[in-house]
Amino acid sequence: MSSTALAERPTCPATPAHGYLALRDPPGGWTPEQRWCGTWYDCTRCTSGVLYPSRALREQLAAQAARHRAGCPGCPGPAHRQDPWP
Ligand SMILES: [Zn+2]
Ligand SMILES: [Zn+2]
Numbered sequence: 008m009s010s011t012a013l014a015e016r017p018t019c020p021a022t023p024a025h026g027y028l029a030l031r032d033p034p035g036g037w038t039p040e041q042r043w044c045g046t047w048y049d050c051t052r053c054t055s056g057v058l059y060p061s062r063a064l065r066e067q068l069a070a071q072a073a074r075h076r077a078g079c080p081g082c083p084g085p086a087h088r089q090d091p092w093p
């Protein structure tokens with residue numbers, strides 16, 4: 008069992024009545040990229056899934072956001088998330 012697994016399992020984000028999500032267990036195993044990103048959980052009753060970002064991914068996103076804000080004075084932040092942040 009992965010050390011990044013949550014103590015409390017998430018529920019289906021689309022239809023809460025679907026109940027708990029299952030830890031993703033791809034037939035070919037996790038790729039290094041997937042492992043790096045975090046832990047995926049999938050609903051067994053629909054196609055919904057959620058990613059719990061790893062510490063490495065969260066740190067990279069935080070660093071990207073900080074770099075963006077440094078070059079974007081008065082940035083409204085998530086309001087223009089459609090922009091590709093550098
Ligand atoms: Zn579902
Ligand atoms: Zn900005």
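Counted the way my numbering counts, the sequence shown spans residues 8 to 93. Beta carbons: idealized from backbone N, C-alpha and C, even for Gly.
Query                                                                                                                                        : Result
Locate the beta strand (DSSP E) running through residue 37, then write down its first and last residues.                                     : Here residue 37 belongs to no beta strand (DSSP E), and DSSP marks it neither H nor E.
Going by DSSP, which residues form a beta bridge with residue 60?                                                                            : 45
In angstroms, rounded to a whole number, what distance separates the CA positions of residue 18 and residue 46?                              : 14 Å
Any idea what DSSP makes of residue 30, helix, strand or coil?                                                                               : strand
What's the C-alpha gap between residue 22 and residue 56?                                                                                    : 11 Å
How would you label residue 50, buried or exposed, when you count the other beta carbons within 10 angstroms and need 16 or more for buried? : buried
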